[in-house]
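Colleague:
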DNA sequence: TATAAATAGGATAAAATTATCCGAAATAAA
DNA sequence: TTTATTTCGGATAATTTTATCCTATTTATA
Ligand code: FES
Ligand code: FES
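Protein chains in written order, with the working numbering: chain C, 55 to 198; chain S, 55 to 198.
1) Measure the CB-CB distance between residue 196 of chain S and residue 89 of chain S and report whether it falls below 8 Å.
2) Closer than 7 Å to a non-hydrogen atom of ligand 1 - does that hold for the CB of residue 148 of chain C?
3) Which residue marks the beginning of the alpha helix (DSSP H) containing residue 69 of chain C, and which one marks its end?
4) Would you say the beta carbon of residue 154 of chain C comes nearer than 7 Å to a heavy atom of ligand 1?
5) Taking only beta-carbon atoms, is residue 80 of chain C less than 8 Å away from chain S?
6) Is residue 198 of chain C near ligand 2, judged by its Cβ being under 7 Å from some heavy atom?
7) Applying the 10 Å Cβ sphere with the 16-neighbour rule, what's the burial state of residue 125 of chain C?
8) What is the DSSP secondary structure of residue 119 of chain S, counted as helix, strand or coil?
9) Would you mind stating whether residue 103 of chain C and residue 131 of chain C have Cβ atoms separated by less than 8 Å?
10) Quick check on the burial criterion: 16 or more other C-beta atoms within 10 angstroms. Buried or exposed for residue 140 of chain S?
11) Once DSSP output is grouped into helix, strand and coil, what is the label at residue 193 of chain S?
12) Using the C-alpha atoms, what's the distance from residue 143 of chain S back to residue 64 of chain C?
13) Could you name the residues of chain C that residue 180 of chain S contacts, counting a contact when the two beta carbons are closer than 8 Å?
14) Please classify residue 163 of chain C as buried or exposed, where buried requires at least 16 neighbouring CB atoms within 10 angstroms.
15) Return yes when at least one heavy atom of ligand 2 lies under 7 Å from the C-beta of residue 60 of chain C, else no.
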């Protein structure tokens with residue numbers, strides 16, 4: 055469904071959100087441990103999120119990753135997925151036709167579109183804040 | 055979403071179904087042309103479908119691939135996807151936790167499960183026959 | 001029976017994804 | 001100003017997925 059890179063990116067963003075809500079910066083090392091991911095690879099993905107303005111990084115001693123408090127509430131999962139995996143999951147054909155086109159549909163188009171759109175809606179309506187709160191309250195988990 | 059192998063497998067199966075409904079066997083060459091896929095790779099995927107008893111192959115002169123007429127109606131997309139991509143798409147965690155577990159859910163579990171289950175339902179309720187009919191009537195397409 | 005036609009399957013190869021390593025650049029603090 | 005810390009970014013490596021090639025095996029037909 056999502057690439058590994060995207061899975062790591064989502065989980066890392068949630069972990070950063072949790073910590074930023076408590077005014078703590080976190081390092082790639084800490085992040086990788088908490089979300090059970092390869093550190094250097096995760097760092098690369100975070101760089102992409104920084105370039106897309108989803109999170110901020112601070113270099114040097116006492117540096118690390120953080121996210122603006124107001125962005126925790128406004129950032130949606132869909133933005134993270136789009137930044138890392140692109141829009142194939144939102145617009146791509148389920149059977150790999152070059153483009154998903156109503157006027158030249160693949161055999162599963164009608165039924166697939168329903169599911170694809172629902173996934174898109176779900177991602178667009180899920181904020182980092184919601185997900186971070188569930189982790190904080192122990193309702194959900196980032197690893198194992 | 056689906057692997058390339060799975061996309062090819064689904065399209066090939068549909069094309070075989072169309073032809074078997076008119077008592078024609080088809081070759082990997084013909085299939086690959088009609089679904090716009092790499093021939094040898096497609097042939098390998100078809101072998102997997104043969105081993106899973108979804109289609110039949112006949113070796114030698116006048117050989118090719120075919121599917122029993124009654125199986126055209128009873129074979130569901132879900133079976134093809136399962137045979138090629140396994141059950142990750144039906145049961146796997148959206149964020150890559152080792153297992154999707156209600157009692158140890160990842161942050162997106164509740165919302166993801168809804169979409170994943172809908173995809174599963176869709177695949178379980180779509181037969182090769184339905185898809186083949188749409189191609190035959192020119193409503194949908196296997197390539198481009 | 002000999003031949004040609006066709007799938008099966010193993011061995012590689014290419015490409016994409018995932019992962020690691022290391023030096024450069026930036027920053028806080030001594 | 002120097003040093004320690006930390007992200008950035010390029011190079012490289014490992015793994016998985018996708019794709020190709022070649023030979024063996026099977027089968028219809030001449
Ligand atoms: S054309 Fe295949 S999903 Fe729209
Ligand atoms: S635990 Fe992640 S989808 Fe169920």
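Ideal Cβ positions, reconstructed from N, Cα and C, are used throughout, including at glycine. Keep in mind that this is a model prediction, so the values were computed, not measured.
Modeller: From the atom records:
1) yes
2) yes
3) 58-74
4) yes
5) no
6) no
7) buried
8) Residue state for residue 119 of chain S is assigned as strand, using DSSP reduced to three classes.
9) no
10) exposed
11) coil
12) Their Cα atoms are separated by approximately 19 Å.
13) Listed along the chain, the chain C residues whose CB falls inside 8 Å of the CB of residue 180 of chain S are 162, 165.
14) The residue in question, residue 163 of chain C, is buried, as its Cβ has 16 or more Cβ neighbours within 10 Å.
15) Residue 60 of chain C Cβ: outside cutoff for every heavy atom of ligand 2.
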